Amino acid sequence: MSSSSSYSGSSYSNSSSVVVVAVVVVVVVVVLVVILVVVVVVVVVVVVILVVVVVVVVVVVVVDFKVMKLAVKKSRLLSGNARNVCPWLLYGSNL
20 MSSSSSYSGS SYSNSSSVVV VAVVVVVVVV VLVVILVVVV VVVVVVVVIL
70 VVVVVVVVVV VVVDFKVMKL AVKKSRLLSG NARNVCPWLL YGSNL
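Note that our numbering has the sequence shown beginning at 20, numbered continuously upward.
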């Protein structure tokens, strides 16, 4: 009888240690999943911020280039008109 009660005790001890190990494994897995989710969210946020910065830089460069091109074109047009239409503006009224 004592051998059967000791067997029963060791069986109970083994099952409780299995439960403890299972709980520890589940907790570790949950912690790892939470860490993975946090890392993924941080990476996504960083990528979105980088994409926004790149888009803003590209838009600013393109708009600045177009504005400069338009200004140069307008300047050439105005200087051409002043030369062709109003030579006295460039050379004075002595002509």
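Heads up, the beta-carbon is just placed ideally off N, CA and C, and yes, glycines get one too.
Since this is a predicted model, take the numbers as computed values, not measurements.
Compute the Euclidean distance between the alpha carbons of Val-82 and Val-56, then round it to the nearest angstrom. Sequence index remark: in the sequence shown, residue 82 carries index 63 (1-based). Sequence index remark: in the sequence shown, residue 56 carries index 37 (1-based). Looking at the two C-alpha atoms, the distance is approximately 39 angstroms.
For Val-40 and Val-80, I'd like the C-alpha separation in whole angstroms. As a first step, residue 40 must be located in the sequence shown, where it is residue number 21. As a first step, residue 80 must be located in the sequence shown, where it is residue number 61. In a straight line, the C-alpha of Val-40 is about 59 angstroms away from that of Val-80.
Roughly how many angstroms lie between the CA atoms of Ala-90 and Val-70, to the nearest whole one? As a working note, residue 90 is residue 71 in the sequence shown. As a working note, residue 70 is residue 51 in the sequence shown. Whole-angstrom Cα-Cα distance: 30 angstroms.
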